[in-house]
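Step one of this worksheet: look at the structure below.
In this note's numbering, the protein residues as written are 6 to 268.
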């Protein structure tokens, strides 16, 4: 785990957030959560519960999907993010990796990585090179394919590239939306290792993940969204032992889970 955060280190605070799409569809209602500096926090929920909407509200991409914050506040440290655009979020240190491995298929791996730092034009070339080397060290398979078109990579490699491109912006908080979705089990394990490695370097993570077992094993704290509202929250290890989470998200029956501890 990363070392204790310094005094005044930024944290993400979402306070009583309401989000709607159009005039009628309420997507989030009075949602509040906190991601402490350098922590991994998991966000669980069924499809349509509002998990991606919450990430969009934090990252400033909500308006691109015709959504709007109608009440509440999003802050990262002293920076107010609600109502701001994605560039403001990135400059504050908050970067989203959207669901679906959205790489630039016609560009090479190296060009995709360089695109990840374009919005931070105040960074020195040496900082960009350092960020690139850090990404390629984290993902050796990308280092072997820097001149290959991103569209020719496997699904797992594309996910690595999407995460690596986000890391080029040197985020302090990474928003990961379903990073393991559709990947082979071996690659899912690798994604889990990557989240741990990124976090060990001091970057916080807000993790939306359909693989609840993996998410809870990585996180310190977790929230469960139920139809746009926070239904459960608490320490990840404790939530993993609750009947509701075991039954709805871990695929266990209460009897079967209780039987694991029987000798």
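Backbone N, C-alpha and C fix where the C-beta goes; we use that ideal spot for every residue, glycine too.
Restricting attention to 218, 42, 25, 162, the CA atom closest to the CA of residue 61 is found in 25. Cβ-Cβ distances below 7 angstroms link residue 183 to 104, 213, 214, 215 in the same chain, with the five nearest sequence neighbours on each side left out; the list follows chain order. 195 is the residue among 97, 195, 72, 238 whose C-alpha sits nearest the C-alpha of residue 168. Per DSSP, the continuous beta strand (DSSP E) segment holding residue 45 begins and ends at 45-50. Residue 39 and residue 91 have their C-alpha atoms spaced approximately 20 angstroms apart.
One thing to note: residue 150 has its Cβ no nearer than 8 angstroms to the Cβ of residue 199. By the 16-neighbour rule on beta-carbons within 10 angstroms, residue 111 is exposed. Bounds of the alpha helix (DSSP H) holding residue 115 are 114-120. Our two residues, residue 23 and residue 73, have alpha carbons roughly 8 angstroms apart in a direct line. Judged by DSSP in its simplified three-state form, residue 164 adopts helix.
A buried status is given to residue 170, since no fewer than 16 other beta-carbon atoms sit within 10 Å of its beta-carbon. The residue from 173, 85, 153, 106 with its alpha-carbon nearest to that of residue 186 is 106. Shown here for residue 118: same chain residues with a beta carbon closer than 7 angstroms to its own, the five before and five after excluded, namely 137, 140, 169, 170, 173 in chain order. The straight-line gap separating the alpha-carbon atoms of residue 14 and residue 96 is approximately 16 angstroms.
Contact between residue 36 and residue 235 holds, since their C-beta atoms are separated by about 6 angstroms, short of 8 angstroms. Secondary structure at residue 185: coil, using DSSP grouped into helix, strand and coil. Taken atom to atom, the span from the alpha-carbon of residue 33 to that of residue 204 is near 28 angstroms.
Under the three-state reduction of DSSP, residue 123 is assigned to coil, being neither helix nor strand. Residue 100 places its beta carbon less than 8 angstroms from that of residue 180. For residue 101, the enclosing beta strand (DSSP E) starts and ends at 99-102.
Under the DSSP definition of a beta bridge, residue 238 partners with 228.
In this structure, residue 223 keeps its C-beta atom at 8 angstroms or more from the C-beta atom of residue 245.
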